[in-house]
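Per the numbering used here, residue 28 is the first one in the sequence shown, and the count goes up by one each step.
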Amino acid sequence: MHAVRAHFSDGSIDKKFKFLSDNRGSMEHEFNQLHAILDGCGLIKVSDDPKSMTPDALRILLNNKPAYVLYNSTILYVDNQLNRERLEVTRVATTDLARLKVLFPARLNELKDATKDSLAQISSLTGHVRSIHTEDNQDKHWLFCYYTSFMLKTYYETYNPSKASKYREACADIERRFQMHPVALPAKNEATLFEMVTDDYNEVVSTPFNAAKLRKLVGEMNVQRLSTRFSLLTLKQSLLLADQWHWLDNLQSMLGLQVNIAILDAPLGIYNALSVVLMGTRLVLDLGMLFQHVFFPVGDENQLTPLERASVEIQQHFYHLANDTIWTIVNTLCNYGSYFHVAAPLATALMVGFTVFDIFWLSYLLIQVDADYASKRNEYVLFKSKQDEGSPAWLMVEEQLKQLERSAEKDQMELKFYIVAACILECGFVSAFVLASPALMPACLLMCNFAIAMYLSGGKYGVYREKSLVSIQEKNSEKSTQDMNEAWNDLMGTMAKNTVMPFILFGALTLSVPAAVILTLAYIAHERGLTAAYGPKILDYVTGNVPALSMA
């Protein structure tokens, strides 16, 4: 099930809309309902009562996802919350979803396309909406507004009924537009409705303080710390070697600048602190989430004892708990060994040894992913064998098998990519520790730097392998081949950027601190998409094409 993705004008993905796939905790049930609305925008018809079906049969029928089903003119919501053995089936009080199915019987695919097209118009993090109200796409605009208004109405009916009323009215207004004799809605309402939808999207996104998202952000910061740390050490060792071989003097004479190697030692204390603080923060978040689910249960969790809830949480998040606990301890001992009477060689040996830990754990995760894929595939194949070939159920399972294969390919290859990166990192560590040669040290550290760049690019590699499989399944169609090539170019660009940019920034630091600051700010602005949003305005202002700069 895919989260809604908003594409900016530069093609990047607005992470705001990833809440549909990332949220946990008290809002999980409601967001799963929204998933079902957004993904299907309709009903799955079943001939047997879902309440009498076995959990395994329901999971196969619904592809292990929450969904709305239609049984004897009754709408039921089937929820597989927290992947427990028991499925919850509840009756939907309203018939809004059925009315949506009747209202747009032939427009559902167009509705989904309209959603993507309209979301593409959201051009900045501030929710600024570019005008899309041309005569050619009026219908797409209103279809999108109905789509989003319906979703937000469902959300606010649970969390803020007073705000749900305006979305009920918006849905009713748009429905009148698509009746047999459409009522032309005033053009002045279009922008208001669109802004109302986008503003409240932002509010829905910011409602939960999501510890899982925060933990992921801290993890990304830690990998970025490693990337810049190894880049700094590689550059420092390279410059020291160049100075020893008297190459640095020639370089300084050529550039007419003084290279300040000592300034590279300034951030080392900060890096040592961050190595402990970031991993410690992740551990605190892990324990906080465990505490929350054990002592403040929600939904189906109330039916379990505290000990059972703790067992479920530990089983689900054992890897994260073990990983964060071990690396918090190791980083503390290695970076502050003097406080614990740990000699520097022993601290280095600890770091080298526990890097092997990452390889084993990633391999363990790969085995788990392979086992999950095999189990799900066997379920689908068994269910498919009981259906008549060519029947709707048979075709549905056939398509789900393809989707399952794509998802498994992405997850498996991404983990294998991380394992290769961990092996390269271990080789770099061991080489630097064993050889301890000033001449070879830059090359050893460069291996580590390349490995961290692979860690940062693992997601892109997974997407590339997924697109490659899609291209094979679709027999190298023009669109699938184009998507695969774009994914490959994105992977190569990301790898190059993650490998080279830290060297450029630290290299600028050794030459000029102000220049390094400006270059760093420009790079951050580019990464955050600010240059695409405000670059043309700044250029117009600098060239005198506009009287004043407006960043609104």
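We treat Cβ as the ideally placed atom computed from N, Cα and C, and that holds for glycine.
Since we're looking at a predicted model, the values are computed, not measured.
Can you tell me which of the three DSSP states residue i falls into?
{"i": "D510", "result": "helix"}
{"i": "Y363", "result": "coil"}
{"i": "K443", "result": "helix"}
{"i": "Q285", "result": "coil"}
{"i": "N299", "result": "helix"}
{"i": "D292", "result": "helix"}
{"i": "E501", "result": "coil"}
{"i": "Q414", "result": "coil"}
{"i": "F323", "result": "coil"}
{"i": "H344", "result": "coil"}
{"i": "P465", "result": "coil"}
{"i": "T122", "result": "Because the pLDDT at T122 is just 38, under 50, the model does not fix this residue reliably, and the value given afterwards should be weighed accordingly. Note: T122 maps to coil in three-state DSSP."}
{"i": "W515", "result": "helix"}
{"i": "V369", "result": "coil"}
{"i": "W272", "result": "coil"}
{"i": "S402", "result": "helix"}
{"i": "S192", "result": "helix"}
{"i": "S176", "result": "helix"}
{"i": "S390", "result": "helix"}
{"i": "S539", "result": "coil"}
{"i": "L314", "result": "helix"}
{"i": "T332", "result": "coil"}
{"i": "L452", "result": "helix"}
{"i": "K243", "result": "helix"}
Are residue i and residue j touching if we call contact CB-CB under 8 Å?
{"i": "D303", "j": "N358", "result": "Per the sequence shown, residue 303 should be read as Val rather than Asp. The answer is yes: Cβ separation under 8 Å."}
{"i": "M440", "j": "R404", "result": "no"}
{"i": "L305", "j": "V245", "result": "yes"}
{"i": "F257", "j": "C475", "result": "yes"}
{"i": "F592", "j": "V369", "result": "Past the edges of the chain, shown from 28 to 579, lies residue 592, and the structure says nothing about it."}
{"i": "K487", "j": "L518", "result": "yes"}
{"i": "L389", "j": "L452", "result": "no"}
{"i": "K411", "j": "Q500", "result": "no"}
{"i": "V286", "j": "L278", "result": "yes"}
{"i": "L301", "j": "F533", "result": "no"}
{"i": "L253", "j": "I551", "result": "no"}
{"i": "V396", "j": "K437", "result": "no"}
{"i": "R336", "j": "H320", "result": "yes"}
{"i": "I446", "j": "L360", "result": "no"}
{"i": "L310", "j": "T352", "result": "yes"}
{"i": "P529", "j": "T308", "result": "no"}
{"i": "L312", "j": "L422", "result": "no"}
{"i": "A523", "j": "A535", "result": "no"}
{"i": "F477", "j": "T521", "result": "no"}
{"i": "A376", "j": "G364", "result": "no"}
Any idea if residue i is buried or exposed, counting beta-carbon neighbours within 10 angstroms, 16 or more meaning buried?
{"i": "P511", "result": "Just to set this straight, residue 511 is Met in the shown sequence, not Pro. Its Cβ being crowded by 16 or more others within 10 Å, M511 is buried."}
{"i": "N362", "result": "buried"}
{"i": "F387", "result": "exposed"}
{"i": "V497", "result": "buried"}
{"i": "K180", "result": "buried"}
{"i": "G455", "result": "buried"}
{"i": "S484", "result": "buried"}
{"i": "P541", "result": "exposed"}
{"i": "S158", "result": "With a pLDDT of 36 at S158, under the threshold of 50, the modelled position of this residue cannot be trusted, and the question is left open."}
{"i": "W372", "result": "Here the sequence assigns Pro to residue 372, which means Trp is not the residue at that position. P372 comes out exposed."}
{"i": "K502", "result": "exposed"}
{"i": "M481", "result": "buried"}
{"i": "D399", "result": "exposed"}
{"i": "S176", "result": "buried"}
{"i": "D385", "result": "buried"}
{"i": "V408", "result": "exposed"}
{"i": "Q427", "result": "buried"}
{"i": "A289", "result": "exposed"}
{"i": "W354", "result": "buried"}
{"i": "K506", "result": "exposed"}
{"i": "Q509", "result": "exposed"}
Three CB pairs or more closer than 8 Å across the stretch 454 to 470 and the stretch 262 to 271: Judged by Cβ distances under 8 Å, the stretch 454 to 470 makes contact with the stretch 262 to 271, as three or more pairs qualify.
Three-pair Cβ contact test at 8 Å for the stretch 327 to 335 versus the stretch 248 to 262: At 8 Å Cβ cutoff, the stretches do not touch.
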